[in-house]
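Colleague:
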Amino acid sequence: MQEKKQIRKLISDSLLEVADAIESGQYKEKVRIGITTLGSEHGIENLVKGAELAARNNKDIQVVLLGPKVDTKLEVVEVNSEEELHKTMEKLLDEKYIQACVTNHYNFPIGVSTVGRVVTPGLGNEMFIATTTGTSSTHRGEAMMKNALYGIITAKCMGVSNPTVGVLNLDGARQVERALKELASNGYPIQFAESMRADGGSVMRGNDLLCGSADVMVMDTLTGNILMKVFSSYTTGGSYEAMGYGYGPGVGENFERIILIISRASGVPVVANAISYAASLARGGLADIGREELKKAKAAGLEKILQSLSKDSQKTNETSVNVLMPDKEVVTGQISGIEIMDLEDAVKSLWQAGIYAESGMGCTGPIVLVNDTRVEKAAAVLGKAGFITQ
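Residue 9 is where the sequence shown starts when you use the numbering used here, and the numbers rise one by one after that.
#1: Ser193 by DSSP, collapsed to three states: which one?
#2: Okay, do the segment 349 to 361 and the segment 221 to 240 touch, 3+ Cβ pairs below 8 Å being the bar?
#3: Roughly how many angstroms separate the alpha carbons of Gly209 and His113, rounded to a whole number?
#4: Buried or exposed: Tyr242, going by 16 or more other Cβ atoms within 10 Å of its Cβ?
#5: Along the chain, where does the beta strand (DSSP E) that runs through Pro2 open and close?
#6: Buried or exposed: which applies to Arg125, given that a residue is buried once 16 or more other Cβ atoms fall within 10 Å of its Cβ?
#7: In angstroms with no decimal places, state the Cα-to-Cα distance between Asp216 and Thr80.
#8: Taking buried to mean at least 16 other C-beta atoms within 10 Å of its own C-beta, is Val400 buried or exposed?
#9: Count the C-beta pairs between the segment 85 to 97 and the segment 64 to 74 that are closer than 8 Å, then say yes if the count reaches three, no if not.
#10: How is the beta strand (DSSP E) around Val224 delimited, first residue to last?
#11: Determine, using beta carbons only, whether Leu235 and Met212 come nearer to each other than 7 Å.
#12: Near Arg205, which residues of its chain fall below 7 Å by C-beta distance, leaving aside the five closest residues on each side in sequence?
#13: Name the two residues that bound the continuous alpha helix (DSSP H) containing Val278.
#14: Asp320 by DSSP, collapsed to three states: which one?
#15: For the alpha helix (DSSP H) that contains Ser241, what are its first and last residues?
#16: Quick one, are the C-beta atoms of Glu318 and Glu150 less than 7 Å apart?
#17: Mind checking which residues open and close the beta strand (DSSP E) that includes Arg40?
#18: What's the gap between the Cα of Ala354 and the Cα of Val331?
#19: Helix or strand or just coil, what does DSSP make of Glu311?
#20: By DSSP, does Ile348 sit in helix, in strand, or in coil?
#21: If you compare alpha carbons, which of Ser193, Glu264, Leu55, Pro197 is closest to Leu157?
#22: Given a cut-off of 7 Å on the beta-carbon distance, is the pair Lys104 and Asp68 in contact?
#23: For Leu377, does the three-state DSSP call read helix, strand or coil?
#24: Select from Gly368, Met333, Leu302 the residue whose C-alpha is nearest the C-alpha of Ile160.
#25: Excluding the 5 residues flanking Asp320 on each side, which residues of the same chain have their C-beta closer than 8 Å to its C-beta?
#26: Taking C-alpha atoms, which residue in Leu61, Ala282, Gly51, Gly58 lies nearest to Leu268?
#27: Look up Glu264 in the DSSP assignment and say whether it is helix, strand or coil.
#28: For chain D, find out if any of its Cβ atoms is closer than 7 Å to the Cβ of Val126; answer yes or no.
#29: Can you name the residues that DSSP bridges to Cys109?
#30: Quick check on Gly180: does DSSP put it in helix, strand or coil?
#31: Could you work out which residue in Lys154, Val338, Gly42, Phe136 is closest to Ile118 when comparing CA atoms only?
#32: To the nearest angstrom, how far is the alpha carbon of Gly58 from that of Ile396?
#33: If you measure between the beta carbons of Gly256 and Val123, is that distance less than 7 Å?
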């Protein structure tokens, strides 16, 4: 009799805990997250330990292992070859048996790339790196423009309602910055980040990477991949990724599956964090947010802007032909914000307007040098020709 009373009390207490959690809004239905356990440089045990850690730390996550049978309390869907691994993963995702999956490698279609998540060493800020694997587009400028949107989508899914966006100072950065500002002026809301450097601006430098000046840091995928490796393993010498949340989910138009990438060098902490990241994205409705954001961006002229980025058009009709250089002047006035590939054409466009100009390289990138008295007029000429944002 006493034993029955104890059982009833345990059941009663459990039900009360669930009721209290529901009432307070803290109750979460469990979400199933898969992880493939083949392919790690650190062996299956490394991935299993990461999965077990994620399950212990997140009571609302049910982790499902996809791979060979192992000694664990976690559910195992037995798969014994890498050839069958992703077929099984896709099947489980499409059947909604799992809501997301973490894996070492996956061949995303063109147009889809992944958004990494790191903790920056300078101030401990979280930052989304857009992007880290995959190919958003075969054209660099168009790809980086899409990367920016994919970063915004992921950040919003993770609860950052108005993420700040910065563009890393790489080839194409100024072109992408102008395109993003055009999209914003057409009605798509973008909050641009401000560099921590004294001259500010939304084009980010190395200091901004270390401090996390932007919620979303936009770059090309190859650079993003390298930075993910550095952020994840700078304390370990590179062979073991010990920090961060992995290379993130594949994001792209009409891509519905939530598949996150980790490296073959990812260690237990990153594996656990990646599973937690996956669960948050599944709860946040990544595909739904992606559809909504891309719809709003298209309404603001995204397609036209992407087309202009992918064209190898000249800014003026005359810059490809010989242009007479005006008489030389003292040039101490600087105009920045010009793409490196456009620098000489920008100088020629000013010559054509009767303004003597020279090209140069400042601490923030390419600059055009003109006489101090002509800076305002020169900026207007360059703005009208599309070399800088007015």
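Glycine included, every Cβ here is placed at the ideal spot set by N, Cα and C.
Being a predicted model, the structure only gives us computed values, none of them experimental.
Modeller: By the coordinates alone:
#1: As a working mapping, residue 193 is identified with position 185 in the sequence shown. In this structure, Ser193 counts as helix in the three-state DSSP scheme.
#2: no
#3: Residue mapping note: residue 209 aligns to position 201 of the sequence shown, counting from 1. Residue mapping note: residue 113 aligns to position 105 of the sequence shown, counting from 1. If you take the alpha carbons of Gly209 and His113, they lie about 36 Å apart.
#4: Numbered from 1 along the sequence shown, position 234 holds the residue referred to as residue 242. Burial call: exposed.
#5: Absent from the structure is residue 2, since the part of the chain shown begins at 9 and ends at 398.
#6: Residue 125 sits at position 117 when you count from the first residue of the sequence shown. When all chains shown are included, Arg125 counts as buried.
#7: On the sequence shown, position 208 is the one that residue 216 refers to. On the sequence shown, position 72 is the one that residue 80 refers to. Near 42 Å, if we compare the C-alpha coordinates of Thr80 and Asp216.
#8: No information on residue 400 is available, as it lies outside the stretch 9 to 398 that the chain covers here.
#9: yes
#10: Position 216 of the sequence shown, counted from the first residue, corresponds to residue 224. Element bounds for Val224: 224 to 226.
#11: Working through the sequence shown from its first residue, we reach residue 235 at position 227. Working through the sequence shown from its first residue, we reach residue 212 at position 204. Cβ distance not < 7 Å, so Leu235 and Met212 don't count as in contact.
#12: Mapped onto the sequence shown, residue 205 falls at position 197. Here the set comprises Arg213, Asn215.
#13: Along the sequence shown, read from residue 1 onward, the residue named residue 278 stands at position 270. Run containing Val278: 276 to 292, per the alpha helix (DSSP H) assignment.
#14: In the sequence shown, the residue the question calls residue 320 occupies position 312. Bear in mind that the predicted position of Asp320 carries a pLDDT of just 47, short of 50, making it unreliable; the figure below should be weighed with that in mind. Here Asp320 sits in coil by DSSP.
#15: As a first step, residue 241 must be located in the sequence shown, where it is residue number 233. Unbroken alpha helix (DSSP H) run through Ser241: 229 to 241.
#16: Counting from one through the sequence shown, the residue named residue 318 turns up at place 310. Counting from one through the sequence shown, the residue named residue 150 turns up at place 142. A small correction: the amino acid at residue 318 is Ser; Glu does not occupy that position in the sequence shown. Yes.
#17: For the purposes of this step, residue 40 is identified with residue 32 of the sequence shown, where counting begins at 1. It spans 39 to 44 - the beta strand (DSSP E) in which Arg40 sits, taken as one unbroken run.
#18: In the sequence shown, residue 354 corresponds to position 346, counting from 1. In the sequence shown, residue 331 corresponds to position 323, counting from 1. Cα to Cα, Ala354 sits roughly 12 Å from Val331.
#19: One-based indexing of the sequence shown puts residue 311 at position 303. In the structure shown, Glu311 sits in a helix (DSSP, three-state: H, G or I).
#20: Indexing the sequence shown from 1 puts residue 348 at position 340. Looking at Ile348 - three-state DSSP - the assignment turns out to be helix.
#21: Along the sequence shown, one-based indexing puts residue 157 at 149. Ranking Ser193, Glu264, Leu55, Pro197 by Cα distance to Leu157 puts Pro197 first.
#22: In the sequence shown, residue 104 corresponds to position 96, counting from 1. In the sequence shown, residue 68 corresponds to position 60, counting from 1. Cβ atoms of Lys104 and Asp68: not closer than 7 Å.
#23: Taking the sequence shown and counting its residues from 1, one reaches residue 377 at position 369. Strand at Leu377.
#24: Taking the first residue of the sequence shown as position 1, residue 160 is located at position 152. Among Gly368, Met333, Leu302, the Cα nearest to that of Ile160 is on Leu302.
#25: Counting from 1 along the sequence shown, the entry for residue 320 is found at position 312. Low local confidence applies: a pLDDT of 47 at Asp320 is under 50, so the model's placement there is unreliable, with the coordinate-based value given in what follows. If we look at Asp320 and ignore the five residues flanking it on each side, it has no Cβ neighbours.
#26: One-based indexing of the sequence shown puts residue 268 at position 260. When each option's Cα is compared against that of Leu268, the closest is Ala282.
#27: Position 256 of the sequence shown holds residue 264. Coil at Glu264, not helix or strand.
#28: Any reference to chain D falls outside this structure, which holds one protein chain only.
#29: Position 101 of the sequence shown, counted from the first residue, corresponds to residue 109. Looking at the DSSP assignment, Cys109 forms a beta bridge with Gly42, Ile267.
#30: Locating residue 180 in the sequence shown gives position 172, where the first residue counts as 1. Gly180 falls in the coil class under three-state DSSP.
#31: One-based indexing of the sequence shown puts residue 118 at position 110. Answer by Cα proximity: Lys154.
#32: As a position in the sequence shown, residue 58 is number 50, starting the count at 1. As a position in the sequence shown, residue 396 is number 388, starting the count at 1. Each residue's Cα considered, the two are about 48 Å apart.
#33: The count along the sequence shown starts at 1 and reaches residue 256 at position 248. The count along the sequence shown starts at 1 and reaches residue 123 at position 115. The answer is yes: Cβ separation under 7 Å.
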